[in-house]
Every structure is written in structure tokens, then in C-alpha cells.
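Structure first, commentary second.
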């Protein structure tokens, strides 16, 4: 599952809301296409000169993806899982390159850095 964290707390994007977007077309995949709004996270995509997503661009990788909250899909049945903002975070990583420290107490800034570093 994919999780998000904003000023209001921690939330779950729910299983199944992680889709490939290479060659995504509004007519063939309208639910996924229309789910790409605020709070959706795109990976490995590029933008054209007008700032629009170029779904056909494979220059980074063909493994272009989007994660989005389940409520971006119309007619969902189950509620979105959510919780208050976390006070403590345990970050587990399979770091094959030794970039991340094995065990550390991190400041909020360090946490952001290591999270964004992958």
C-alpha cells in the first residue's frame, strides 16, 4: 500500500491505486486518467513545453506510475483509512548501497532528506 502524510494526518491510498501511466489515454482508462488531480503522486513522468504530462515519453523509463487516493475514483464503497499526524516514525529501507544509516534518531529535516533520497 501507498501512504501519504499531510498537515491533517496520515492516510492510506488503499491497495490497487498504483497504476502504470505509460501511454495513458483518457478514453481507454478514464478512471485512472481522471484520478490524476491534487494529491495524486506521479513517478518518472515528463512534462511537455506547456507543462502537461507527456504520457508517451519513455525517456526516463517505461515504468511511469501514479499513486492516488481511492476517493479519486467515483462510486467507491469503502471509506478511506486515516489517522492523526504521527508523533514517531520508524523508517524501514532495503538499502543495498549503504546510503541510509542502519539505525538513527533523525531530526524532521533529516527524515525528509532520507525519505526523498529513496
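In the numbering used here, the protein residues as written are 123 to 240.
In this text, a Cβ means the ideal position worked out from N, Cα and C, and glycines have one as well.
* Taking one C-beta from the stretch 172–191 and one from the stretch 146–160 each time, how about it: are there three or more such pairs within less than 8 angstroms? -> yes
* Asked: Under the three-state reduction of DSSP, which class applies to residue 151: helix, strand or coil?
  -> In the chain shown, the residue the question calls residue 151 occupies position 29. Of the three classes helix, strand and coil, the one that applies to residue 151 here is coil, per DSSP.
* Asked: Are three or more beta carbon pairs between the stretch 223–238 and the stretch 204–213 nearer than 8 angstroms?
  -> yes
* Can the beta-carbon of residue 180 be found less than 8 angstroms from the beta-carbon of residue 144? -> Walking along the chain shown from the start, residue 180 turns up at place 58. Walking along the chain shown from the start, residue 144 turns up at place 22. Taking 8 angstroms as the Cβ cut-off, residue 180 and residue 144 qualify as a contacting pair.
* Asked: Looking only at C-alpha atoms, which of 207, 222 and 239 sits nearest to residue 128?
  -> By one-based count along the chain shown, residue 128 stands at place 6. Considering only alpha carbons, the answer is 207.
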